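> All residue numbers for the sequence shown refer to our numbering, where the first residue is 82 and numbers rise by one.
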Amino acid sequence: AARVEIIVVNDNSTDKTMEHLLKYSGENRVLLIDKKDGGSAAKARNEGLLHAKGRYIVFLDSDDRLPEGAIETLYRAITENGADICQGGWQYIEADGTCGLTQRYKEATYLGKKRAHIFDLPGMPWGKIYSRELFNNIRFPENYCCFEDSVIHFLIFRSAGKIISTGETVYLWRKNPSGITATSQNSKKAVLSALIVKDMLKMSDRLGLDKDLLYLKSLTMQLSNFCYANVSGLPEKEKEAVFAFCSALYRERVTKEETKDLPYVIKNEAGALLLGRFDLWEKQGKLFQLMN
Numbered sequence: 082a083a084r085v086e087i088i089v090v091n092d093n094s095t096d097k098t099m100e101h102l103l104k105y106s107g108e109n110r111v112l113l114i115d116k117k118d119g120g121s122a123a124k125a126r127n128e129g130l131l132h133a134k135g136r137y138i139v140f141l142d143s144d145d146r147l148p149e150g151a152i153e154t155l156y157r158a159i160t161e162n163g164a165d166i167c168q169g170g171w172q173y174i175e176a177d178g179t180c181g182l183t184q185r186y187k188e189a190t191y192l193g194k195k196r197a198h199i200f201d202l203p204g205m206p207w208g209k210i211y212s213r214e215l216f217n218n219i220r221f222p223e224n225y226c227c228f229e230d231s232v233i234h235f236l237i238f239r240s241a242g243k244i245i246s247t248g249e250t251v252y253l254w255r256k257n258p259s260g261i262t263a264t265s266q267n268s269k270k271a272v273l274s275a276l277i278v279k280d281m282l283k284m285s286d287r288l289g290l291d292k293d294l295l296y297l298k299s300l301t302m303q304l305s306n307f308c309y310a311n312v313s314g315l316p317e318k319e320k321e322a323v324f325a326f327c328s329a330l331y332r333e334r335v336t337k338e339e340t341k342d343l344p345y346v347i348k349n350e351a352g353a354l355l356l357g358r359f360d361l362w363e364k365q366g367k368l369f370q371l372m373n
């Protein structure tokens, strides 16, 4: 059986969380951190990463749960397959606390040409187990109040050698209408989903990650599907301004020739960005829905 180290980061909670957690202080392999200068999921996760000593990492958000046996399932899958990341399925926790629909993934290995299909898997930090080494030189961007999990698709997935998925359910995700994701999309904060890409590109350059098909696919989808879905509810002028930023950033990095091997739909998104065609960007964006 795997030995588990539990790191709990209390980030200015107002519901006496730390009071309850103190019952576990002194427990073997339980570390409690009361972070006074937090204020974001990125800072809390990064604080946990600073103290992590184990070979693998699993993230759990404050309002979610792990089903029984989740850690063992993920640990067994990642070790038996010699993988760097393993993605599992999740089940929704409804507003009344009951468990609802389940999202499962087929057992698959993402190597070689299949690697560019990694967007079959979601980009949330949770529901996965990671080799801790992936986070040696990567941290969640702390200067943003939301959308910090973009680093999973754009940096962590690209840094991994072998990624797999398992058909088992390993996470219970609470639908929270007042959560960060729900309250950020289509608000003024939604523009951060575009701005954060610029910082991720700088990190990618610093890390020396390959600018392969996975990179191109990821960059295209970040600046088209994901950004549009987040800002789609904003006034037209604001959406156009976000698109102008995305288009300019894309053209700094990508040429038309480089997009020739992209899948058809993503190639259309690349074309909208390269041509500065807001109408095409919006048309393609409407076909895509973020998980909520």
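Ideal placement from N, C-alpha and C gives every residue a C-beta, glycine not left out. If you're wondering where the values come from, they're calculated on a predicted model, not measured in any experiment.
Please find out if some non-hydrogen atom of the ligand GTP comes closer than 7 Å to the beta-carbon of residue 209.
Absent from the structure shown: the ligand GTP. Ligands present: none.
> Exposed or buried, which one is residue 110 when buried takes at least 16 other CB atoms within 10 Å?
Taking the first residue of the sequence shown as 1, we reach residue 110 at position 29. Looking at its Cβ environment, which holds fewer than 16 other Cβ atoms inside 10 Å, residue 110 is exposed.
> Is residue 192 near residue 117, with beta carbons less than 8 Å apart?
For the purposes of this step, residue 192 is identified with residue 111 of the sequence shown, where counting begins at 1. For the purposes of this step, residue 117 is identified with residue 36 of the sequence shown, where counting begins at 1. No, Cβ-Cβ distance for residue 192 and residue 117 is not below 8 Å.
> So, residue 296 versus residue 332, is the Cβ gap smaller than 8 Å?
Locating residue 296 in the sequence shown gives position 215, where the first residue counts as 1. Locating residue 332 in the sequence shown gives position 251, where the first residue counts as 1. The answer is no: Cβ separation not under 8 Å.
> Indicate the three-state DSSP secondary structure (helix, strand or coil) for residue 239 in the structure shown.
The residue labelled residue 239 in the question sits at position 158 within the sequence shown. It is helical.
> Could you give the distance in angstroms between the alpha-carbon of residue 341 and the alpha-carbon of residue 232?
In the sequence shown, the residue the question calls residue 341 occupies position 260. In the sequence shown, the residue the question calls residue 232 occupies position 151. Distance between the alpha carbons of residue 341 and residue 232: 25 Å.
> With a Cβ-Cβ cutoff of 8 Å, do residue 210 and residue 167 count as a contact?
Position 129 of the sequence shown holds residue 210. Position 86 of the sequence shown holds residue 167. Contact: yes.
> Taking buried to mean at least 16 other C-beta atoms within 10 Å of its own C-beta, is residue 318 buried or exposed?
The count along the sequence shown starts at 1 and reaches residue 318 at position 237. Exposed, because fewer than 16 other Cβ atoms sit within 10 Å of the Cβ of residue 318.
> Compare the beta carbon distance of residue 165 and residue 212 with 8 Å and say whether it is the shorter of the two.
By 1-based counting over the sequence shown, the position of residue 165 is 84. By 1-based counting over the sequence shown, the position of residue 212 is 131. Their beta carbons are under 8 Å apart, which means residue 165 touches residue 212 by this criterion.
> Using a Cβ-Cβ cutoff of less than 7 Å, which residues in the same chain neighbour residue 270 once the five nearest sequence positions on both sides are dropped?
Residue numbering aside, residue 270 sits at position 189 when the sequence shown is read from its first letter. The residues are 226 and 227.
> Roughly how many angstroms separate the alpha carbons of residue 120 and residue 203, rounded to a whole number?
Against the sequence shown, residue 120 aligns to sequence position 39. Against the sequence shown, residue 203 aligns to sequence position 122. Going by the C-alpha atoms only, they are around 25 Å apart.
> According to DSSP, is residue 352 helix, strand or coil?
Taking the first residue of the sequence shown as position 1, residue 352 is located at position 271. The answer is helix: DSSP assigns residue 352 an H, G or I state.
> Have a look at 92, 293, 253 and 208 and flag the residue whose alpha-carbon is nearest the alpha-carbon of residue 235.
Walking along the sequence shown from the start, residue 235 turns up at place 154. It is 293 whose Cα lies nearest to the Cα of residue 235.
> In terms of alpha-carbon separation, which member of 272, 316 and 305 lies closest to residue 367?
In the sequence shown, counting from the first residue as 1, residue 367 sits at position 286. Residue 367 has its Cα closest to that of 305, out of 272, 316 and 305.
> In this structure, does DSSP put residue 224 in helix, strand or coil?
As a working mapping, residue 224 is identified with position 143 in the sequence shown. Residue 224 falls in the coil class under three-state DSSP.
> Can you check the region 296–352 for any beta strand (DSSP E) of at least 3 residues that lies completely inside it and give the ranges in chain order?
Within the region 296–352, no complete beta strand (DSSP E) run reaches 3 residues.
> Taking the C-alpha atoms as reference points, what is the distance between residue 86 and residue 150?
Numbered from its first residue, the sequence shown carries residue 86 at position 5. Numbered from its first residue, the sequence shown carries residue 150 at position 69. For residue 86 and residue 150, the distance between alpha carbons rounds to 15 Å.
> Closer than 6 Å by C-beta to residue 159: which residues in its own chain qualify, once you throw out the five before and the five after it? Chain order, please.
Against the sequence shown, residue 159 aligns to sequence position 78. Taken in chain order, the residues that qualify are 167 and 210.
> Quick one: what's got a C-beta closer than 6 Å to residue 437's C-beta in the same chain, skipping five residues either side?
With the chain running from 82 to 373 in the structure shown, residue 437 is simply not present.
> Have a look at residue 217 and residue 250 and give me their C-alpha separation to the nearest angstrom.
The residue given as residue 217 occupies position 136 in the sequence shown. The residue given as residue 250 occupies position 169 in the sequence shown. Going by the C-alpha atoms only, they are around 28 Å apart.
> Under a Cβ-count criterion, where at least 16 other Cβ atoms within 10 Å of its own Cβ denotes burial, should residue 353 be classed as buried or exposed?
Stepping through the sequence shown from its first residue, residue 353 is reached at position 272. Flag for residue 353 reads buried.
> On the three-state DSSP scale, how would you describe residue 362?
Position 281 of the sequence shown holds residue 362. Helix, per DSSP.
> Quick check on this structure: which residue in 314, 254, 348 and 357 has the alpha carbon closest to the alpha carbon of residue 330?
Against the sequence shown, residue 330 aligns to sequence position 249. Here the closest residue by C-alpha is 357.
> Give a yes or no on whether the C-beta atoms belonging to residue 254 and residue 152 are separated by under 8 Å.
Numbered from its first residue, the sequence shown carries residue 254 at position 173. Numbered from its first residue, the sequence shown carries residue 152 at position 71. Not in contact: residue 254 and residue 152 (Cβ atoms no closer than 8 Å).
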